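Presented below is the structure to which this report refers.
Here you go:
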């Protein structure tokens, strides 16, 4: 088989010629992670003239090797963390015993999760940054305002849209926050699911709009437009139309001649000196040899699970409970966004397996009425991320037998089926967390990741509420058959948010409003871990806006000699 | 594979669509990448493994295939048998599911013993009548042997052909999936002439 005959790609180096630094050479910045945030920071800082080394755990996979084979991608984990090498444990509450369960899924290659993401790129709304003040305290949670407002974020959202390439239609949703620029490229063509969704939503008085996507509808800045192959959700894009860090910002960083993307480099410790300053990052190379990259400053963009894990792995006599953890909150307040799907089958073919996953969205339920008696809000979208195998194994309605002739007949509804997906806010609960497992080790001998998570009751109520709206929508669309499953506690996380939250008070936050840790002056954290609240799903757009904003501030500070 | 069949057409369509929306400068810069992607896709298509067993014995394969053929039967249209599910399973046990070989070996005898227990005159699952086989499988639902064969049968029916199953893409044809590497709107019935 082709996949087996290819060389194992774990140690594969960069495709493009690039500068290389010796680990012993002190570079300006070492960045851990090459995903949505790390890629942006690498580009911005190297373009500004700094020497940058990016340490990436995974391989560099050339676009031609992105596979449509679901087994290669989902079972052999071509693009994501491999639990056989990096096993995890899970528990619902700190009182429970953690069991083996690989709940955290993230991109593990150059480009990180931005390679396989679905690429939904709506901006957070104004309310997301100030909701605690507007809404008041929510007991039992760490619900808080961000130390930054939407108005301050707006230029950076615009920057993301133009720098990485986002398609969409400005002012198409009455709920959209104000924007200074239109999208650089028009929205993707509407799919059958989008047409059905839009007609039904309008019938109900709701306000559907074209999905903003980090996928190019036409060529832009030397990159190809989408060819509608239909493998966005979970797959890498062979033509580079998906605006991953791999396709957009990393090539620019490399072209500066100042940025090295070092693959197969698994960071395990941020070293600090007697002055409490970071001196660089220790990592295992492709041969599992320990290496140490010296740097004037360290930036962790390893994702909302690996960034706190790396801080906890970096404890020392000066930082006994983990680096940058004087608040004791590193790893806590994990938020993963609620998610639920409602399926519907129609009379005629939709062929949803073609083109992007999502073409229409609505935000009528972004802020739920407090009179409902619970906190929440979310978005709905028309989508279909179902490849044949996922459909056959994971979409079966409860009233259809799972095998035999009836099952086979049901499979034939594949081309006539669509999904309405519900994306919801998660409340920040301190007990929900990423921590180090006290017993289990990974293949490198490091303490394994432990996830503790139980949805706040309001989160489940929000998802149920949104699921009811999705059912209402599909019934208004006169679907032939509509089905879903009961809302339940989540134990899998792909949105990894809030574990090193931003704030002005060092007692209740890890990083300041510009991503500098309160405890270590030359250590910055920038990825989903910085979030204070979860938005309503689709966090990557905001992760990248934060990264552009952080890069600007870090550049200015470094030029003043303040890093 | 026949070189005049869909492969070349697919490749050409892919290239044309990929280039259709782009300017000349882009084409000259990105031609190699596009070509590589298309060649890779075509190469993958040609790499369908031969229909032979490497891991399973003929007897084991006969029992497993009989079960697969009840899970996705061939009644009037291709099922697990025509898709070559058994070759997919054999290939899986040689590759990504090698760690499940032991589970198959341990739990496969249950298929026979359950058959004998329910139908004493029948010695092997594969020799039972379809109705008898259905009854045995129903009794085994939830047990490892059923769940293993079940998941692998669905995978073998719907996977990419180079995994050894879905031969001739019969599974994809059955569900109406087209694996062309590129498409253009309209994609389905409801988005015809309604592009907003």
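Residue numbers (my numbering), protein chains in the order written: chain U, 1 to 563; chain S, 1001 to 1196.
No residue lacks a Cβ here, since even glycine has one placed at the ideal position from N, Cα and C.
Computed from a predicted model, the values in this text were never measured in an experiment.
If you check the CB distance, residue 1124 of chain S and residue 1063 of chain S come in under 8 Å. Secondary structure at residue 184 of chain U: coil, using DSSP grouped into helix, strand and coil. Interface annotation for the region 342-372 of chain U against chain S: 346, 348, 349, 350, 351, 352, 353, 354, 355, criterion Cβ-Cβ distance under 8 Å. Ranked by how close their Cα comes to the Cα of residue 1187 of chain S, the residues U:348, U:552, U:467 have U:348 in first place. Residues of chain U with a Cβ closer than 7 Å to the Cβ of residue 1160 of chain S are, in chain order, 68, 69. By the neighbour-count criterion, in which 16 or more other beta carbons inside 10 Å mark a residue as buried, residue 1105 of chain S falls on the exposed side. Judged by pairs of C-beta atoms under 8 Å, the region 501-514 of chain U does not touch the region 363-374 of chain U, as fewer than three such pairs exist. The region 454-468 of chain U makes contact with the region 334-350 of chain U: 3 or more CB pairs, one atom from each, lie closer than 8 Å. For residue 229 of chain U, the closest Cβ of chain S is nearer than 8 Å. For residue 1185 of chain S, the chain U residues whose Cβ falls inside 7 Å of its Cβ are 189, in order along the chain. A Cβ of chain U is located within less than 8 Å of the beta carbon of residue 1155 of chain S. In terms of beta-carbon proximity, residue 1151 of chain S lines the interface with chain U, with at least one pair separated by less than 8 Å. Secondary structure note for residue 359 of chain U: its beta strand (DSSP E) is the uninterrupted segment 358-362. Under the DSSP assignment, residue 232 of chain U falls outside any beta strand (DSSP E); it carries neither an H nor an E label. Residue-level contact check: residue 79 of chain U does not touch chain S, since none of the beta carbons of chain S fall below 8 Å from its beta carbon. The alpha helix (DSSP H) runs of length 4 or more contained entirely in the region 208-289 of chain U are, from start to end of the chain, 249-255. Here the alpha carbons of residue 388 of chain U and residue 74 of chain U stand approximately 13 Å from one another. Of the other Cβ atoms in all chains shown, 16 or more fall within 10 Å of the Cβ of residue 157 of chain U; this residue is therefore buried. At a cut-off of 8 Å between beta-carbon atoms, residue 1127 of chain S makes no contact with chain U.
Using a 10 angstroms sphere on the CB of residue 248 of chain U, the tally of other CB atoms reaches 16 or more, which defines it as buried. Comparing C-alpha distances from residue 312 of chain U to each of U:539, U:98, U:330, U:17 shows the shortest one belongs to U:330. Setting aside the 5 residues that flank it on each side, residue 122 of chain U is surrounded in the same chain by 212, 538, each with a C-beta closer than 6 Å to its C-beta; the list follows chain order.
Residue 1087 of chain S and residue 1165 of chain S do touch by the CB rule: their CB atoms are close to 7 Å apart, below 8 Å. Closer than 8 Å to the CB of residue 196 of chain U there is at least one CB belonging to chain S. Here residue 535 of chain U is near residue 425 of chain U, since their CB atoms are less than 8 Å apart. Chain-ordered, the chain U residues with CB closer than 7 Å to the CB of residue 1174 of chain S read 411, 412.
Inter-residue distance for residue 1060 of chain S and residue 1116 of chain S is about 16 Å (C-alpha atoms, whole angstroms). When DSSP states are grouped into helix, strand and coil, residue 1069 of chain S belongs to the helix group. Using beta-carbon distances, residue 1181 of chain S counts as an interface residue toward chain U, with a partner under 8 Å.
With a 10 Å radius around the Cβ and a threshold of 16 neighbouring Cβ atoms, residue 266 of chain U comes out buried.
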